[in-house]
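Asker: The following block contains the structure, expressed as structure tokens.
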């Protein structure tokens, strides 16, 4: 049986939440058997449209047609019945239960079964893992499995329901390069078996690698839909943001301007990486890149006193130092903008003031530890202004800000300490392209003023746009040291494979 | 077999079991009285009420968070059941009628917890603290409940015994009341529901990940509400068992029982953050704490030391599980690295 | 000064409304200096423990052991005063023991990472056990008059000294929590411990000091009650634990940590004490009605805060 040419055809979807128009008439047409990419900045309406398609939100206007059948009102159950499955970023799993239960629950519940039949559970689970030849201990607790396996559980579970259209929401976020490759193989297999994929991502290289066509949304509206081969990087960035960026303009490498060596690592070893050596000069931006699990994050933590080195030396200003705690790192003039802004970087419900001044309280208080509210407010106001945090009042909770502005708050906190060495781990993850550009520009300016910066990132474009030089890490070792001349997309890709 | 053994050593319950074995052997060696029939029966007898409470604590912890209201639900629903039995002249009816009346009242009180927790997503600890206070106010303020004798049907039920033993050596006797059978029945039902029904697995699922559970099609709110209703019913049973075993109703003796029960189930491997915990663990944890409070005297340790021991066991037990879970997290990151 | 905290405003309105009702309905009994003196004495003790519970809740934990720290300290001080022991030394020892108990709680919560509720559940048994051992399970009495006189003395002839102590401690703790580095850090650790670590806050040290402070104010509460009731007992005031949590939440402390103010807790203490004293003026109403009213108040306040907070967040998101 062959339905219509389009597996999914939604037209003129509108959806607003309390006066905020999240979707202002979005169209999305996906051809049967293709891999379609949905791209857009944070807040463009990507996740809202997914929820509309999967029946979790009821649109205010517009039509949904799945495989030629119109759905005036779509419910989650109907969406699943029609063959639509969503694989969420968190994979929607139960870490405390076994693989079997994770795989079987959906179907058991859909069939309105009331009792647990162990044999049936196992049968369902075996059927599910067979669909993608996924080799896993079915009795293991899911929390003991690596991230990639958790994702495969989600995928095989989705296939159980005879999915025709699988929506993958940012599926590669937590995966290593190897795991991404495997995921892409699975996607190709699925495609061969006639399953259509809607791949939601903002990562350029992946979008180009995997998709047949692209739809880009901006501010809840369609910007363009076209075959992937007609898309270029510049166009992609432009369509996403509506702004033109010259990716090369921010970077002016001039090795002569480097000052003294500020920080040096000699054969540094800690749990997660081994034998890492580098020198960092004043005014230099050093990239540290590598896949998830390559030890890049651990290296940044060790330099910041959060991970105890088991061997090697760290030298700051030529003197060997032992960085036992974050406050010790702080005293040495080292600052770290952590990887996960929401859980590691910010105190979300607290005011912007507190978020900015938290690490400078020692200077803002007198000897008895009493804070001067005048000084605190002045300091916060200064950084809100200097770094361009868009807010009306810095007494507002930081969670009322957008992602880019939140990241600026974390940056401002550390810049307030006038660090000699600024380490940024994934400085623009989940940040809009516009804010990303601002942050990159700021980093170049800071370096030009003599700050030594380490950018830890798995985003090749970011490393190229900001760094003077880059260390490439793999499985805990430095496997490449790319100088400014060697630093380009090709060498980075080669080194990190 | 090997696999079974491997799985067993990974469980907290196994270690609690080991500690119980060691402790009982030590007590036996020191006093020679631990494995005496009357001591075992005494132990089982003392376990009845706390182990029924433990199911309330387990269900709440696994799915939502701490519930501290069960002692007062037990007190109030038992009181109401007894009053209704007396007023309606049901004291000649089978004991189970009184229990059913109590369970109904308990369920209503549990429903109050459930509504507030599900509707507003408040921390269950604070909500159940508040409702405890309300129930206490109703019981002692509005009803001015006082100690009273049991209606005839419950009194008769309390006098009946399952097993009566007499220690030949010491001449001490002990009886295992019928309430022990009630406890066993509740455990069997709870086991079947938690392991053999989809809703029962849903209790664990929502404790593991609420959003995933909702997406999978579990009725998260319904299950959560249901748990608190059921908890109310179970608490009522525990409350009536307590009255039956004391042979009279003592309104002020209920409050304060919750903490030690929570400690017992945490020792038994229930995870504070939800999703994990077994009935086996409930029984073992309760047994361990009951042993400590009942049998210290057999070791020649003054009763004055009892609280210190219980406190120390709670601290050491929770410290071990806290340290273990940290070690577990480290192993996990290492595995992740190896996988990469 | 900035706009007043909206929660404190609400609490003050409730307080004033209540005083008006009480004065109108029971003018003869309520508006009596003796009534206020009794209230002031009673509330000082559990008020202090509620402050202890409150700061621990702000730090993201809870302290269930305050009552037993108070009892232990009261017993130790009482035992040392018996006979002709030095009162000053006894007080000093009690305060130090209170801080040690608190530090132990803090150690369990921070270094061993035991959930605060369980850690303090364990230590409450432990402290009670130690108190039982010291007191031999009985009431410690025979407190010298030189000490108990403290409870009967009043400043300017009107204000009971214990209430003065309460007020001073409220002021000190308020200052610590709102104006010092340490206080700000307690709020931040309570909001997000991981982020606090990344921001260079030594979380373990902050937590230990928080619980020490809680232990210290509890010790003061124990000393006050020793003077007032002339004796100390290991299981005295068991119901205070729940009351203290209730007061802290009523006073606006967020049970998840990170938010709440000391004046809020203090006002909640006063409101609750007035309510229960007021109820005592109706002989026909059982004392236990208090529990009912407190429970309803707790849940009512939670719901009101929930609704108002949601509105506020929505408004702020829209503005920015």
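Chains as they are written, first to last, in my numbering: chain A, 649 to 1145; chain B, 112 to 451; chain C, 737 to 1056. Just so it is clear, CB atoms sit at the ideal spot from N, CA and C, and this is done for glycine as well.
#1: Counting only beta-carbon atoms, is residue 815 (chain A) nearer than 8 Å to chain C?
#2: List the residues of chain A whose Cβ lies closer than 7 Å to the Cβ of residue 936 (chain C), in chain order.
#3: Would you kindly work out how many angstroms separate the C-alpha atoms of residue 708 (chain A) and residue 1035 (chain A), rounded to a whole number?
#4: Shorter than 8 Å from the beta carbon of residue 920 (chain C) to some beta carbon of chain A?
#5: Inspect the beta-carbon positions of residue 969 (chain A) and residue 980 (chain A) and report whether they are closer than 8 Å.
#6: Just the chain C side, please: which residues come within less than 7 Å of residue 1017 (chain A) by C-beta, in chain order?
#7: Between A:787, A:756, A:780, which lies nearest to residue 772 (chain A) when the distance is taken from Cα to Cα?
#8: Within the 8 Å Cβ cut-off, does residue 247 (chain B) reach chain C?
#9: Which residues, in chain order, does the stretch 311–332 of chain B contribute to contact with chain A at a C-beta distance below 8 Å?
#10: Taking 8 Å as the cut-off, does the stretch 908–921 of chain A touch the stretch 949–964 of chain A (at least 3 CB pairs, one atom from each stretch)?
#11: List, in order along the chain, the chain B residues whose C-beta lies closer than 8 Å to that of residue 762 (chain A)?
#12: In terms of residue numbering, what span does the beta strand (DSSP E) encompassing residue 679 (chain A) cover?
#13: Going by the DSSP bridge assignment, what does residue 360 (chain B) pair with across the sheet?
#14: Below 8 Å on the Cβ atoms is my contact criterion, and I expect residue 1122 (chain A) with residue 868 (chain A) to pass it. Report the Cβ-Cβ distance as a whole number of Å.
#15: In chain A, which residues lie less than 7 Å from residue 386 (chain B) when you measure between Cβ atoms?
#16: Answer with buried or exposed for residue 771 (chain C), where buried requires no fewer than 16 other C-beta atoms within 10 angstroms of its C-beta.
#17: Near residue 758 (chain A), what residues of its chain come up, given a Cβ to Cβ distance below 8 Å and the 5 sequence neighbours on each side ignored?
#18: With a threshold of 7 Å, establish whether the CB of residue 669 (chain A) neighbours any heavy atom of the ligand HEM.
#19: Roughly how many angstroms lie between the CA atoms of residue 147 (chain B) and residue 124 (chain B), to the nearest whole one?
#20: Find the residues of chain C that neighbour residue 182 (chain B), judging by a C-beta separation of less than 7 Å, and give them in chain order.
#21: Would you identify the three-state DSSP class for residue 937 (chain A), choosing helix, strand or coil?
#22: Closest to residue 722 (chain A) by C-alpha separation, out of A:698, A:681, A:1037, A:940, would be which residue?
#23: Going by C-alpha to C-alpha distance, which of A:735, A:927, A:987 sits closest to residue 946 (chain A)?
#24: 8 Å is my cut-off, CB to CB: does residue 429 (chain B) come that close to chain C?
#25: For residue 756 (chain A), return the contacting residues in chain B, with the cut-off set at a CB-CB distance below 7 Å.
#26: Counting only beta-carbon separations shorter than 8 Å, does residue 130 (chain B) have a partner in chain C?
#27: For residue 181 (chain B), which of B:165, B:313, B:196, B:384 has the nearest alpha-carbon?
#28: Pick out whichever of B:205, B:231, B:128, B:277 has its Cα sitting closest to the Cα of residue 1041 (chain C).
#29: Would you say residue 936 (chain A) and residue 828 (chain A) are within 8 Å of each other, going by their C-beta atoms?
#30: From the DSSP output, which residues share a beta bridge with residue 816 (chain A)?
#31: So residue 884 (chain C) packs on residue 963 (chain C), CB below 8 Å; how close in whole Å?
#32: By the criterion of Cβ-Cβ separation under 7 Å, what are the contact partners of residue 864 (chain C) in chain E?
#33: Just mark residue 178 (chain B) as buried or exposed, buried being the case when its beta carbon has 16 or more other beta carbons within 10 Å.
#34: Going by C-alpha distance, which of C:1012, C:853, C:953 is nearest residue 902 (chain C)?
#35: For residue 1012 (chain C) and chain B, any beta-carbon pair shorter than 8 Å?
#36: May I ask you to list, following chain order, the residues of the stretch 986–997 of chain C that have a beta carbon less than 8 Å from some beta carbon of chain B?
Answerer: Walking through what the data contain:
#1: Translated into positions along the first chain, residue 815 (chain A) becomes position 167. No, residue 815 (chain A) does not count as interfacial toward chain C.
#2: The residue labelled residue 936 (chain C) in the question sits at position 200 within the third chain. What residue 936 (chain C) touches in chain A: 974, 975, 978, 1007.
#3: Numbered from 1 along the first chain, position 60 holds the residue referred to as residue 708 (chain A). Numbered from 1 along the first chain, position 387 holds the residue referred to as residue 1035 (chain A). Taking the straight line from one Cα to the other gives about 39 Å.
#4: Residue numbering aside, residue 920 (chain C) sits at position 184 when the third chain is read from its first letter. Yes - at least one Cβ of chain A is within 8 Å of the one on residue 920 (chain C).
#5: Your numbering for residue 969 (chain A) matches position 321 in the first chain. Your numbering for residue 980 (chain A) matches position 332 in the first chain. A contact, by the Cβ cut-off of 8 Å.
#6: Translated into the one-based positions of the first chain, residue 1017 (chain A) becomes position 369. One finds 916, 917, 918 in chain C with Cβ atoms closer than 7 Å to the Cβ of residue 1017 (chain A), taken in chain order.
#7: The count along the first chain starts at 1 and reaches residue 772 (chain A) at position 124. Among A:787, A:756, A:780, the Cα nearest to that of residue 772 (chain A) is on A:756.
#8: As a position in the second chain, residue 247 (chain B) is number 136, starting the count at 1. By this cut-off, residue 247 (chain B) is an interface position.
#9: Here the close residues are 311, 312, 315, 316, 318, 319, 320, 322, 323, 324, 326, 327, 328, 329.
#10: The stretch 949–964 of chain A is in contact with the stretch 908–921 of chain A.
#11: Numbered from its first residue, the first chain carries residue 762 (chain A) at position 114. What residue 762 (chain A) touches in chain B: 308, 309, 310.
#12: Your numbering for residue 679 (chain A) matches position 31 in the first chain. Run containing residue 679 (chain A): 668–679, per the beta strand (DSSP E) assignment.
#13: Residue 360 (chain B) sits at position 249 when you count from the first residue of the second chain. Beta-bridge analysis with DSSP links residue 360 (chain B) to B:259.
#14: Taking the first residue of the first chain as position 1, residue 1122 (chain A) is located at position 474. Taking the first residue of the first chain as position 1, residue 868 (chain A) is located at position 220. About 41 Å separates the two Cβ atoms, so there is no contact after all.
#15: As a working note, residue 386 (chain B) is residue 275 in the second chain. Think of a sphere of 7 Å around the beta carbon of residue 386 (chain B): the chain A residues whose beta carbon falls inside it are 744, in chain order.
#16: Numbered from 1 along the third chain, position 35 holds the residue referred to as residue 771 (chain C). Flag for residue 771 (chain C) reads buried.
#17: Taking the first residue of the first chain as 1, we reach residue 758 (chain A) at position 110. Beyond the five residues adjoining it in sequence on each side, residue 758 (chain A) comes within less than 8 Å, by CB distance, of 725, 728, 809 in the same chain, given in chain order.
#18: Among the components of this structure there are no ligands whatsoever, and the ligand HEM is therefore not found.
#19: The residue you call residue 147 (chain B) lines up with position 36 of the second chain. The residue you call residue 124 (chain B) lines up with position 13 of the second chain. Answer to the nearest angstrom: the Cα atoms are 25 Å apart.
#20: On the second chain, position 71 is the one that residue 182 (chain B) refers to. The contacting residues do not exist; residue 182 (chain B) stays about 11 Å from chain C at best.
#21: Here residue 937 (chain A) is taken as the residue at index 289 of the first chain, counted from 1. Correct three-state label for residue 937 (chain A): strand.
#22: Here residue 722 (chain A) is taken as the residue at index 74 of the first chain, counted from 1. The candidate whose alpha carbon is nearest that of residue 722 (chain A) is A:698.
#23: Looking up residue 946 (chain A) in the first chain gives position 298. Considering only alpha carbons, the answer is A:987.
#24: The sequence position of residue 429 (chain B) within the second chain is 318, counting from 1. Yes, its Cβ sits closer than 8 Å to a Cβ of chain C.
#25: Counting from 1 along the first chain, the entry for residue 756 (chain A) is found at position 108. For a Cβ distance threshold of 7 Å, residue set 309 of chain B lies close to residue 756 (chain A), ordered along the chain.
#26: The residue given as residue 130 (chain B) occupies position 19 in the second chain. Not an interface residue.
#27: Here residue 181 (chain B) is taken as the residue at index 70 of the second chain, counted from 1. The shortest Cα separation from residue 181 (chain B) among B:165, B:313, B:196, B:384 belongs to B:165.
#28: Here the question's residue 1041 (chain C) lines up with position 305 in the third chain. Selected option, being the one with the closest Cα: B:231.
#29: The residue labelled residue 936 (chain A) in the question sits at position 288 within the first chain. The residue labelled residue 828 (chain A) in the question sits at position 180 within the first chain. For the pair residue 936 (chain A) and residue 828 (chain A), the CB atoms are not nearer than the 8 Å cut-off.
#30: Sequence index remark: in the first chain, residue 816 (chain A) carries index 168 (1-based). Partner residues in the beta bridge of residue 816 (chain A), as assigned by DSSP, are A:735, A:847.
#31: Along the third chain, read from residue 1 onward, the residue named residue 884 (chain C) stands at position 148. Along the third chain, read from residue 1 onward, the residue named residue 963 (chain C) stands at position 227. Yes, residue 884 (chain C) and residue 963 (chain C) are in contact; Cβ-Cβ is about 5 Å, under 8 Å.
#32: Within the model displayed, chain E is absent; protein chains A, B and C are what it includes.
#33: The residue given as residue 178 (chain B) occupies position 67 in the second chain. The residue is buried, with at least 16 neighbouring Cβ atoms inside 10 Å.
#34: By 1-based counting over the third chain, the position of residue 902 (chain C) is 166. A check of alpha carbon separations from residue 902 (chain C) across C:1012, C:853, C:953 identifies C:953 as the nearest.
#35: By 1-based counting over the third chain, the position of residue 1012 (chain C) is 276. With its beta carbon at least 8 Å from every one in chain B, residue 1012 (chain C) lies outside the interface.
#36: Answer set for the stretch 986–997 of chain C: 991, 992.
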